[in-house]
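**Q**
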Amino acid sequence: MDVQTSMFPSPYDLPAPKGAEDWRDLYPYYLKFQPQLREREDAKFWFCDSQHWPNPFRPFDAMTVEFAVKCLGQYNTRHLLVPPANGVDYRIHNGYCYMSPVAVSPDLIEARVPQFMERAGHYFANWDSLIENWHKKVKSNIDEMEALRFEKLPDVVPLEWIKEGRGLDNTTALIENYDRAINLLYRTWQYHFEFLNLGYAAYLDFFGFLKGELPTIPDQAIAQMVQGVHSDLFRPDDELKKLAHLAVELGVADTVMNGTVDDALAALANSEAGKKWIAAWDAAKDPWFNFTSGNGFYSTDKYWIEHLDIPMGYLRDYIGRVQAGENIERPTEKLLAERDRITAEYADLLDPDAREAFEGKLGLARTVYPYVENHNFYIEHWSMGVFWRKMRELSQLFHEEGFWPDADGMFFLSRQEVRDALFDYGNAWGTGGEWIGPHHWPQEIERRRAILDALATEPPKPALNNPPAVITEPFTIMLWGITSEAIESWVGAGQEGNELTGMAASPGLVEGPARVLRSPDDLHLIQQGEILVTPVTAPSWAPVFGKIAATVTDIGGMMSHAAIVCREYGLPAVTGTGTGSSRIKTGQMLRVDGNTGKVTILD
Amino acid sequence: MDTPYILPFDQISSADHDRVGGKCASLGEMTQHGVAVPPGFAVTTDAYAEMLEFQGLKREIEALLKTLDPDDVVNTERVARNIELRVRSHPMPEPIATAIKTAYAAMGDNMAVAVRSSATAEDLPDASFAGQQDTYLWVVGADQVVEKVRDCWASLFTARAIAYRAKANLGQIDVLMSVAVQKMVNARVAGVTMTLNPTTGDRTKIVIDASWGLGELVVSGVVTPDNYTVEKVLMAVIDRKIGDKHLELVGDATAGATIEREVDAERRKSPCLTDAEVIAVATLAKRLEKQNGCPQDVEWAIDADLPDGENLLALQSRPETVWAQKKAQAKPKASYSMGMAGIVGTLNNPLGAKK
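The listed protein sequences correspond, in order, to chains U and W. Here the working numbering is used: the first residue of the first sequence is 466, the next is one more, and so on. Here the working numbering is used: the first residue of the second sequence is 857, the next is one more, and so on.
#1: Rounded to a whole number of angstroms, what is the C-alpha to C-alpha distance between A892/W and N1148/W?
#2: Which stretch, first to last residue, makes up the alpha helix (DSSP H) that contains V603/U?
#3: Rounded to a whole number of angstroms, what is the C-alpha to C-alpha distance between Y1020/W and T1014/W?
#4: In terms of DSSP beta bridges, what is I770/U paired with?
#5: At the 7 Å Cβ level, is L679/U part of the contact set with chain W, yes or no?
#6: Give me, in chain order, the residues of the same chain whose beta-carbon lies closer than 8 Å to that of I996/U; leave out the 5 immediate sequence neighbours on both sides.
#7: So that I know if they touch, is there some Cβ in chain U lying closer than 7 Å to that of G964/W?
#8: Is the number of C-beta pairs between the stretch 725–737 of chain U and the stretch 484–503 of chain U that are closer than 8 Å three or more?
#9: Quick one: list the residues of chain U neighbouring V1089/W, beta-carbon separation under 7 Å, in chain order.
#10: Please go through the stretch 876–900 of chain W and give each complete beta strand (DSSP E) segment of 3 or more residues, from N-terminal end onward.
#11: Run through the DSSP bridge pairs and tell me what K706/U is partnered with.
#12: Does the count of Cβ pairs from the stretch 515–522 of chain U and the stretch 756–763 of chain U closer than 8 Å reach three?
#13: For the structure I just gave you, are there three or more beta carbon pairs, one from the stretch 894–909 of chain U and one from the stretch 867–886 of chain U, closer than 8 Å?
#14: Please confirm whether R1059/W has its beta-carbon closer than 7 Å to some beta-carbon of chain U.
#15: Could you check how far apart the C-beta atoms of V969/W and Q867/W are, in whole angstroms? I think they sit under 8 Å.
#16: Rounded to a whole number of angstroms, what is the C-alpha to C-alpha distance between L988/U and L982/U?
#17: With 7 Å as the threshold, decide whether the Cβ of A485/U is near any Cβ in chain W.
#18: Less than 7 Å between the beta carbons of I1064/W and N1060/U, yes or no?
#19: What in chain U is Cβ-close to D1131/W, meaning under 8 Å?
#20: Do three or more CB pairs link the stretch 989–1005 of chain W to the stretch 1024–1032 of chain W at distances below 8 Å?
#21: Using a Cβ-Cβ cut-off of 7 Å, state whether G586/U counts as contacting chain W.
#22: Below 7 Å between beta carbons: does that hold for A1170/W and M886/W?
#23: Is it buried or exposed for S971/U, if we count other Cβ within 10 angstroms and need 16 for buried?
#24: Could you tell me whether the Cβ of N1060/U comes closer than 7 Å to any Cβ of chain W?
#25: Let me check understanding here. Comparing Cα to Cα, which of T1055/W, P1054/W, E916/W and Y1084/W lies closest to V1067/W?
#26: Can you tell me which of V1039/U, Q881/U, N931/U and H600/U puts its alpha carbon nearest to the alpha carbon of K1063/U?
#27: Beta carbons nearer than 8 Å to chain U: which residues of the stretch 1131–1161 of chain W have them?
#28: Do I784/U and A686/U have their beta-carbon atoms positioned less than 7 Å apart in this structure?
#29: Below 8 Å on the Cβ atoms is my contact criterion, and I expect A1141/W with T1051/W to pass it. Report the Cβ-Cβ distance as a whole number of Å.
#30: Below 9 Å on C-beta distance, what does F581/U contact in chain W?
#31: Between V578/U and chain W, is there a C-beta pair that is closer than 7 Å?
#32: If I follow the unbroken beta strand (DSSP E) through Q1076/W, where does it start and stop?
#33: Let's test the definition: count the other Cβ atoms within 10 Å of the Cβ of L633/U and tell me whether it reaches 16, buried, or not, exposed.
#34: G994/U and D1019/U - do their beta-carbons sit closer together than 7 Å?
#35: On the three-state DSSP scale, how would you describe F525/U?
#36: So the alpha helix (DSSP H) W894/U belongs to, where does it begin and stop?
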């Protein structure tokens, strides 16, 4: 390659799409490539994380990348002292986020080893009890967040506050509760990474060991050896299946199937059997309907518990299939038997000398792996669900007070600007004057909305600047699956002909018609036996995995949600095809080979 | 069958291995493990030994061998030809001929059979003696079968076989031979399967060479077969290389022989196995590997006359020899970092960086 030309563009040469020229107004200074730092920033390689953040950020939502990636980093850099790796630096450019790992200077690595051994070693040695404690911390965080209230300011401070000599007004709790919500979210994200990096590290150690012993072993085979089938991530879907069976058993299936959710629940309340079913439905809701059809990182995510029509739609589909005599259960026993078979057969192929190491590393990987799967429900779904709900309540309050014309207006403000708006709200209330917000925010939000729409018209670049000769940074490889080979494939992304190549993420070979989906709101369009083609999937799409024949995604690796779900549902998957969802059209016949990672358009 | 000269495949026990040779022993073992194998019988080494003793044949061969100079190619060729001719023209003792004809008749009316040598020194894991003796395909009629059995015996004395034994220090007359008489497969597709990757020794793969018609053209390298690779544990087809299979070997019942014929343009370059068939062949080979406790080299065929699901037949299974010997060479004992030390090693040298 020409030394002068970099493999990927510099952010400084990447103009904003038309109409989005002022996008920099949306984000804080430290998230942007600063003009005076061009030399420093261009010396680094940045890859786009479109797996977690596929859409441009509303200003408020940028907090998700800030908290997530900052907290990821702190564990490497300050808690555990991972010998070769600090955290991951990140910037927003044209609405998308780009990541750049921060390496540890080679002469410092050695000195970090004993510290890492002691700190991480403590976690591995006490994994189960520490996880138990983690669940308590996360649950107490959720409870505290759930208890936060945002109440409109009254005309006067309550008389009892006067009489008890409280000496404070109603704005105090409003501001404190907002700050508390943000701080609780900050805690949530620290907890998120308390175990995750270690979990991946232990998994990668097992993975690397097997690749060393059996160099051609497929990645998916290694994943299958450690994967559980009873992950909490699949509980919401399993709950719907239980409710479907219960509806049929109690003879209330027709009532459940009828009308809106409210209609159905009202009709059910008229019979004893119906009441029994409602009790089960209510029990399932808390906590399992704290489940998003997105990935938890956007204020636009729809959570089941607030959109009961979503789980009800899946549930009705299940009832129909139960009534048709179909088996809707995930083949968990079969999957477990298959996992044992695969493990035993590969173990048989190992050198006898390597057997003990295999057992040891497999044991550790299986100990840590449930966290890697389960945390997603507790953080991205449950905690984030409560957080977004509380923030929507606050946005709604402002909306009712006239600060913005739409209920979701607050998400076009950064989290710092929301504090300003809160102060404005309390300020004029205190002075007896008039709010400025209702005169400032409506047109500003409109302007920002237009910028975001313009940003969304252009997809992100896969990366910026030049990659290092070899990717050695362990977390880039572990968490994002970015290797030198992957980068090469981005450059040659203009795949020709009727074949696409991606990662062989879940085994099997099927043919079927394609269903291209760009939004979870369109999930109901999926017909039995179709092949789901989508930029990226979320675990909460699980209910449609009972219908589809295979999955093809643009983004994601072996440990992506699509891959995990497909393996758990026994469906073929090819992930990370780069362009699948734009090249494939709904209705085209596809052949998906989850063993080789090839997708063929047959039409 | 109450004769020492014949052992049907389903009656060969492990005690009989010395009397039936490697190929028949393997066919017998597979038959008795329930593997689908074309039916047939072994003409035991007792029959061959009896033949040698009959009317002084052995003495005459020994006399001819005395004139052998294994370092002299021309001499070896001449001695070999003389012995072969001598054996081919020697009458077969009547009780043996009768036993063969009876066993053949029991297989069916004028059944087309393959007559193959099954030498006791052949196919041993450490003696790549395979293919040194003759194979006769599509033999029809009792007299023909008897003649081909004798021809197999004679093939013990080809120049190649004599030279090989001289080099390997095997006694020329001490190597006994059994002969397999086996129902002919009407092969639509046939080939060879190794339960490891023969180029890398990778035991996680099963590699299949397959071509149209009988498998002989694959074994002899006359055609470029299709080459399929299967992940052994996941049982998934991970690679398909479609060869240009310009010839096929098929049976000609009227001629009582096989003929080589051109394959039409379309079939030449199309896959000769479906994915389901690839998996079926791999499953068969994997089963044989497990049964035998070591990587196998399996010959198989898909019979055009049998229904789907019953048409895949094993023709031969023998231990793979090349990698078995390499493996036996002392390998330095590996050490593995465990626990935290392993994790530190992995973080400091992650997989992607190793490539």
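C-beta atoms are modelled at their ideal positions from N, C-alpha and C, and glycine is treated no differently.
**A** In terms of the structure at hand:
#1: 16 Å
#2: W592 to A612
#3: 10 Å
#4: In DSSP, I770/U forms no bridge with anything.
#5: yes
#6: V975, G977, P978, A979, R980, I1013, A1014, A1015, T1016, V1017, L1055 and V1057
#7: no
#8: no
#9: A686, I807, E810 and Y811
#10: 896–899
#11: None, per the DSSP bridge assignment.
#12: yes
#13: yes
#14: yes
#15: V969/W to Q867/W, Cβ: 18 Å. No contact.
#16: 7 Å
#17: no
#18: no
#19: L974
#20: no
#21: yes
#22: yes
#23: buried
#24: yes
#25: Looking at the sequence provided, one finds Ser at residue 1067/W rather than Val. The residue with the shortest Cα to Cα distance from S1067/W is Y1084/W.
#26: V1039/U
#27: D1131
#28: no
#29: 5 Å
#30: M1196, I1199, V1200 and L1203
#31: yes
#32: It should be pointed out that residue 1076/W corresponds to Ser in this sequence rather than to Gln. Here S1076/W belongs to no beta strand (DSSP E); instead the alpha helix (DSSP H) covers E1072 to S1076.
#33: exposed
#34: no
#35: coil
#36: R880 to T896
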